[in-house]
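Counted the way our numbering counts, the sequence shown spans residues 446 to 704.
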Amino acid sequence: MKTQKLQKVFFSPTGGTLKILNQVSEGLLTPSDSDLDLTLRTPDSWQATPNTLCLIGMPVYSGRLPQLARQRFQKINGAGQWAVILVTYGNRAYDDALIELYDAATDAGFKVLGAAAFVAEHSYSTALQPIASGRPSTDDQEKARQFGAALRKKLEVPTPLPSVPGHRPYKSLKAAPAQCPETLNDRCTLCGTCVDVCPTSAIHIGQGIQTQAELCIFCCACIKSCPQQARIFTSPAIQATSDRLFAACKEPLQPEYFL
Ligand SMILES: Cc1cc2nc3c(=O)[nH]c(=O)nc-3n(C[C@H](O)[C@H](O)[C@H](O)COP(=O)(O)O)c2cc1C
C-alpha cells in the first residue's frame, strides 16, 4: 500500500509517549505531518487524511487509558485509514489500556495495523523514589525504531491486527478524591510553566499559584516541568502509591509489539 505520510495523534502530559512515537516514526522512515496533540485541548473534529498512517499514542493510567484522553479521542474520525496504536506505562502493567485503545481506534473507523506497549518513566517517579527512571532507555528507543521498520514492511501488504492483550469489560476505575500538587511558595517564581502544561487548565496565577483540585488528573506535568522544582505532591494517598510502586516495580519490563 502506498502511504506517503504519517500523522501522530497523542496524549502525553510528561512526554514519554511522544518520545516513543518519535522513534517509531523514525523507523518508519516516513515524514510526519499535521500531528494532533490531544494533551492540552479537545479538537472540534478531526479526520485522518487519505494515504496516511496514524500513530496513536496514550499513557496508561490505572491500567486503562486516561479518561480525558479517551474523551478527546472521541472527536477523531479514522475514515478507514490504517493506524498503529501504542501505550506507554511506568513499568507496573498496562492491563486493559491497549485493548481499550484498540477498541477506541476501531470505533473511530481506523484499521489497526499494529500495536505496542513500551515502558517510560513513571509520572510519580522522583529522584528519591525512581520508578522506571531513564526509560525509554537507548535500548527501548532502538526497539521502537525496529518496530517502525517492521511496520514499514507490513505496510507493503497490510492486514488488520485481529486482537491485542487485555480484557473486556475493562478493569474498573475507582473514583479518586480531589487532590492536586502543592506549590512551594518560597521556590515559585510565578513563571507560569505549570499553567501552560496543565491538560485540564486547573492551574491559575492569582494570589500565588492556585490549583483546582477537582480538575487535577494527577498527570504530574506541572511537577516535572517546573524549573524551580516548586510543585510537589504531599497527599498521603499519592505518597502511599509511590512507595508501593517504588518497592514493587524494580524489575525492568520489556517492550511488546503485535503485528
Ligand atoms: C494517574 C496515573 C496512573 C498511572 N497508572 C499506571 C499503571 O496502571 N501502570 C503503569 O505501569 N504505569 C502507570 N502510570 C505511569 C504512566 O503510564 C507513565 O508514566 C507514562 O509513560 C506517562 O506518559 P507520558 O509521559 O506520555 O505522560 C500512571 C501514571 C499516572 C499519572
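Here a beta-carbon is modelled for each residue, glycine too, at the ideal position from N, C-alpha and C.
Distance cut-off 7 Å: residue i Cβ against heavy atoms of ligand 1
| i | result |
| --- | --- |
| Phe663 | yes |
| Val642 | no |
| Glu701 | no |
| Arg515 | no |
| Val602 | no |
| Tyr534 | yes |
| Thr462 | yes |
| Ala682 | no |
| Tyr506 | yes |
| His612 | no |
| Ala685 | no |
| Ser670 | no |
Close Cβ partners of residue i (< 7 Å) along its chain, the five nearest in sequence each way excluded
| i | result |
| --- | --- |
| Leu466 | Lys453, Phe455, Leu500, Gly502 and Leu531 |
| Leu473 | Leu451, Gly593, Leu596 and Arg597 |
| Gly662 | Inspection of the sequence shows that residue 662 is occupied by Ile rather than by Gly. Taken in chain order, the residues that qualify are Pro511, Leu513, Pro644 and Thr645. |
| Glu701 | Ala561 and Ala562 |
Sequence-distant residues of its chain with Cβ nearer than 6 Å to residue i (five each side left out)
| i | result |
| --- | --- |
| Ala565 | Gly461, Thr533, Arg580 and Pro581 |
| Gln574 | Ser687 and Phe691 |
Distance CB(residue i)-CB(residue j) smaller than 8 Å
| i | j | result |
| --- | --- | --- |
| Cys694 | Asn536 | yes |
| Phe518 | Ala549 | yes |
| Val602 | Leu558 | no |
| Val481 | Trp491 | Reading off the sequence, residue 481 comes out as Leu, not Val. Contact flag set, yes. |
| Ile544 | Arg632 | no |
| Asp552 | Lys520 | no |
| Thr679 | Glu627 | yes |
| Lys616 | Gly508 | yes |
| Val505 | Tyr547 | no |
Beta-carbon contacts of residue i that lie in its chain and below 8 Å, excluding the five residues immediately before and after
| i | result |
| --- | --- |
| Pro605 | Lys556, Val557 and Leu558 |
| Gly637 | Ile650 |
| Val469 | Leu500, Val529, Leu531, Ala561, Ala589, Arg590, Phe592, Gly593 and Leu596 |
8 Å contact criterion, which residue i and residue j should meet: CB distance rounded
| i | j | result |
| --- | --- | --- |
| Ala666 | Pro458 | 4 Å |
| Gln624 | Ala682 | 7 Å |
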